[in-house]
Amino acid sequence: MQGKIIKGIAGFYYVYVEGEGVYECKAKGVFRKDKKKPLVGDDVEIQILPEEEKKGNIVRLLPRKNSLVRPAVANVDQAMVVFAVADPRPNFMLLDRFLVMMEREGIPSVICFNKKDLAKEKELETLCEVYKECGYPVIPASIRDGEGAEEIMGILKGKTTVIAGPSGVGKSSLTNQMQDKIFMETGDISKKLGRGRHTTRHSQIIPVCRDTFLVDTPGFTSLYLENMEKEELKKYFAEFRQYEERCKFQGCAHIHEPECGVKEALKEKKISEVRYKNYIDLYEELKEKRRY
Ligand SMILES: Nc1nc2c(ncn2[C@@H]2O[C@H](COP(=O)(O)OP(=O)(O)O)[C@@H](O)[C@H]2O)c(=O)[nH]1
Ligand SMILES: [Mg+2]
Ligand SMILES: [Zn+2]
């Protein structure tokens with residue numbers, strides 16, 4: 279049988295099989311030989327232990343499309359980063375860090391600004407506009423009131439999505455609502471998985487409907503860009519790209535150089551000041567790091 283690892287704890291892997299349910303599995307010695315460690319998100323082949331209920335062995339790892347280190351998860355199609363427009367107020371540096379990380383991994387991001395019921399219409403509009411200009415799909419939502427739910431479901435359907443964002447922004451409310459929206463064909467998964475003390479420290483996958491999985495990550499408060507050269511950073515600010523051809527110097531970092539297309543665009547307010555400021559701060563941070 280084929281399934282997906284949705285959780286791993288203490289040597290056990292919980293494998294979700296469409297239409298069957300969750301099997302508690304061990305990985306057989308085959309993996310130790312080629313040094314491959316199964317990850318949450320991996321598609322696997324399992325052999326069921328006939329004499330025991332819902333238990334089995336993972337006998338084969340199917341080819342991986344990609345894998346992330348933080349959160350440690352395989353086969354991710356996209357990320358949905360959730361921030362609240364208020365309570366807590368959005369930390370744009372944190373948002374931009376996250377977007378940079380995903381750009382670097384080649385994983386497309388969608389931004390959900392939640393709790394729109396707490397924002398003024400105009401502010402919300404400006405906020406959404408800034409990130410749309412950078413090429414990200416942006417969904418204003420009020421998960422509490424069910425607003426934006428249809429659009430979110432449309433984006434999630436048929437994909438494996440990492441749900442990320444600081445705590446208190448409505449991530450759990452979102453995953454719960456998405457789960458409720460769909461008839462669960464395979465019994466009570468959350469009961470089987472025991473939403474206990476492990477859930478905040480490890481990534482786990484929540485099957486939502488056919489071929490649709492959410493990766494629930496522990497809420498983050500800080501993110502550091504690791505092993506990145508400062509020269510690399512500008513590649514991950516997608517909105518810079520179209521103005522770079524106007525830069526006089528090859529390899530322009532868009533900071534101190536004269537005749538810089540990005541700085542011109544900034545002056546003309548075509549590039550967001552907040553985004554640009556975050557770029558500079560991240561650049562400085564990467565520069566500092568090199569000294570150690
Ligand atoms: N005003 C408002 N509150 C919300 C909304 N969505 C979630 N909340 C509340 O925000 C708090 C944190 O939500 P939760 O889903 O636990 O956030 P998480 O920490 O990101 O998982 C809870 O008290 C929710 O009821 C919303 O759309 N509007
Ligand atoms: Mg939560
Ligand atoms: Zn430049």
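Counting in the numbering used here, the sequence shown runs from 279 upward without gaps.
Think of the CB as a built atom: it goes at the ideal place given N, C-alpha and C, for glycine as much as any other residue.
- Exercise answer, beta-carbon shell around ligand 3 heavy atoms below 6 Å: Residues flagged by the Cβ proximity filter: Cys-525, Cys-530, His-532, Glu-535, Cys-538, Gly-539, Val-540.
- Which of helix, strand or coil DSSP assigns to Lys-410: Helix, per DSSP.
- Neighbourhood of Lys-435 by C-beta distance below 6 Å, restricted to the same chain and skipping five residues each side: Thr-490, listed in sequence order.
- Message: Please state the DSSP three-state secondary structure of Ser-235.
- Response: Here the chain has residues from 279 to 570 only, and residue 235 is not among them.
- Where do the ends of the beta strand (DSSP E) carrying Gly-539 lie? First-last for Gly-539: 539 to 545, but that is the alpha helix (DSSP H), not the beta strand (DSSP E).
- Item | Between the CA atoms of Lys-343 and Glu-510 - distance to the nearest angstrom | Near 24 Å, if we compare the C-alpha coordinates of Lys-343 and Glu-510.
- Task: Take Tyr-409 and list the residues in its own chain whose beta-carbon comes closer than 7 Å to its own, dropping the five residues that flank it on each side.
- Result: Its chain contains Ile-389, Val-416 as the residues whose beta carbon lies nearer than 7 Å to that of Tyr-409, once the 5 sequence neighbours on both sides are disregarded; these appear in chain order.
- Item | Environment of Asp-374 [buried if 16+ CB atoms lie within 10 Å] | With 16 or more other Cβ atoms within 10 Å, it is buried.
- If you scan the region 285 to 373 from start to end, which runs of the alpha helix (DSSP H) of 4 or more residues do you find wholly inside it? Qualifying alpha helix (DSSP H) stretches, in chain order: 308 to 311.
- DSSP bridge partner residues for Leu-492 (one or two, in chain order): Under DSSP, Leu-492 forms a beta bridge with Thr-439, Ile-484.
- Message: Please state the DSSP three-state secondary structure of Gly-426.
- Response: Note: Gly-426 maps to coil in three-state DSSP.
- Below 8 Å, can you find three or more Cβ-Cβ pairs linking the region 436 to 446 to the region 353 to 372? Enough Cβ pairs lie closer than 8 Å, so yes.
- Message: Quick test of the definition: if touching needs 3 or more C-beta pairs under 8 Å, does the region 365 to 382 touch the region 507 to 524?
- Response: Of all C-beta pairs linking the region 365 to 382 to the region 507 to 524, three or more are shorter than 8 Å, placing the two stretches in contact.
- Message: Rounding to the nearest angstrom, what Cα-Cα distance links Ile-336 and Lys-567 in this structure?
- Response: Those two C-alpha atoms are separated by around 41 Å.
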